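My numbering numbers the first residue of the sequence shown as 507 and each following residue consecutively.
Idealized CB from N, CA, C, for every residue including glycine.
Fair warning: this is a prediction, and the values are worked out from it, not measured in the lab.
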Amino acid sequence: MVVEYIRYDVPAERAGAFLEAYQLAGEHLRASSHCLRYEVSRGVEEPHHFVVRIEWDSEEGHLQGFRRSPEFRKFFALIKPFVSDIQEMKHYRVESAWSRP
C-alpha cells in the first residue's frame, strides 16, 4: 500500500466548489479497485488549506491502473479546475502507524 497526499491552497471563494468537486469525484475513487480509502481534510487554522489523502493498493495500481481507467478520466474532469491550486502531490509509504480499536 502507498498513500498519496495532495496539498491544496484554495481561495475562500472557491472552497465550496472544491469540496463539491471532491464529493462527486469520490464516486470514481470508490469505483476503482485500486483505491482503498480516501479523505479530504480542511485546515483548522488556515481554512484555505486542504489535504487529500488517498490510500492505493500500490504505486503501480495508482499510476498504471487507476490513471489509465475510465474512472480516472471522470475523476480528473471534476477536479481539473483545482489543479493549479496544488502545492504538493506525492506518494508515501507508511513506516509506522497506530489506531485505537
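{"query": "Residue 523 and residue 585 closer than 7 Å at C-beta", "result": "no"}
{"query": "Beta-carbon separation (whole angstroms), residue 581 vs residue 531, contact threshold 8 Å", "result": "5 Å"}
{"query": "Whole-angstrom distance between residue 540 and residue 509, CA atom to CA atom", "result": "12 Å"}
{"query": "Cα-Cα separation between residue 555 and residue 563, rounded to whole angstroms", "result": "26 Å"}
{"query": "Completely contained beta strand (DSSP E) runs for the stretch 545-602, where each covers 3 or more residues", "result": "555-562, 592-598"}
{"query": "Segment limits, beta strand (DSSP E) that includes residue 520", "result": "Per DSSP, residue 520 belongs to no beta strand (DSSP E) and is neither H nor E."}
{"query": "Rounded separation between residue 548 and residue 570 - CA only", "result": "29 Å"}
{"query": "DSSP state of residue 606 mapped onto helix, strand, coil", "result": "coil"}
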